[in-house]
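Asker: Okay, here's the structure, questions in a sec.
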Amino acid sequence: MRYAIYFAADADDRLMQLGNTWLGRDPFSGSDLCQPALDGIDRERFLHLTSSPRRYGFHGTLKAPFHLDPERRESALLEACRDFSGDLAPFEIQALSVNRLGRFLALTPDNAEPDLAAFAALCVHRFERFRAPLSGADLERRRKSGLTPKQDSYLTGWGYPYIFDEFRFHMTLSSKLENDAEATVLAAAARNYFAAVTGQSRTCSSFALYVEPERNAPFEVHTVFELTGSTSAQTAESLAAPLTRKENA
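Here it is, written out as structure tokens:
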């Protein structure tokens, strides 16, 4: 079993509903969903083009999937999630929009979002004690994407290369897109489909613990935690302990 700390909201949130349907799976119930019909892309092709993010469930990565440290229990992880949610206050982001992220399609912020970046950094720090070290196979798999020296140091030190100053928030909407013309059609369809939740401010008031019951199984929502605290993410990050040697590597 692996766990992940993801940006997500309750099942009835409009963003989650649209994202789940776009990917064709509900990670709350585990059921398959009928994807929207798209102009220019048939259903089987659309199913294929969303196969990778479908397994992970609609989300934005905060603390990447990890095996639980053998000395930790799931109950302690849940307690830490509850404590964390009780410390931090909800925050606003200005807007999300559909964009190309390398060869992928994703919902990403239109502008820099300091609170979101601080919140993600806090998640990396606060839940690090629960993460078991990566296996050699996992390290090799990650390195195939071609990492910079800094990203590789984050990978070995924290289990994921795209954190802290390398973090870019995204909610993935496609598998790797090799055909540029097809990617253009899919992006246009996604912009139309997500129009109700893009280009506007959003209150971020929750995060979720997702679980992968066994390797390569679909991820499922374990629990959604509501932010009920009074401390902003940026303030909490500024008050956190000094950077560790791992982060300074």
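Last residue of the sequence shown: 242 in our numbering, with the numbers rising by one and none dropped. We treat Cβ as the ideally placed atom computed from N, Cα and C, and that holds for glycine.
1. What is the DSSP secondary structure of D25, reduced to helix, strand or coil?
2. For A233, count neighbouring C-beta atoms within 10 Å of its own C-beta (all shown protein chains included) and say buried if the count is 16 or more, exposed if not.
3. To the nearest angstrom, report how far apart Y(-1) and D173 are at their CA atoms.
4. DSSP three-state call for P154: helix, strand or coil?
5. Should the stretch 132 to 140 be regarded as contacting the stretch 176 to 185, the criterion being three or more beta carbon pairs within less than 8 Å?
6. Which same chain residues, not among the five before or five after L127, have their C-beta less than 6 Å away from its C-beta?
7. Can you find at least 3 beta carbon pairs, one from the stretch 213 to 222 and one from the stretch 87 to 107, that sit closer than 8 Å?
8. Express the C-alpha separation of T43 and L94 in angstroms, rounding to a whole number.
9. From E159 to Q144, what distance separates their C-alpha atoms?
10. Using a threshold of 8 Å, state whether the C-beta atoms of F39 and L81 are closer than that.
11. DSSP state of F160, grouped into three classes?
Answerer: Let me spell this out:
1. Strand, per DSSP.
2. Residue environment analysis places A233 among the exposed positions, since fewer than 16 neighbouring C-beta atoms fall within 10 angstroms of its C-beta.
3. Cα-Cα distance, rounded: 29 Å.
4. For P154, the secondary structure class from DSSP, reduced to helix, strand or coil, is coil.
5. Flag = no, the stretch 132 to 140 and the stretch 176 to 185 do not touch.
6. Excluding sequence neighbours, L127 sits near G152.
7. In short, these stretches do not touch, since the Cβ pair count stays below three.
8. Using only the alpha carbons, I get a separation of about 15 Å.
9. Between E159 and Q144, the C-alpha separation is close to 7 Å.
10. Taking 8 Å as the Cβ cut-off, F39 and L81 do not qualify as a contacting pair.
11. Note: F160 maps to coil in three-state DSSP.
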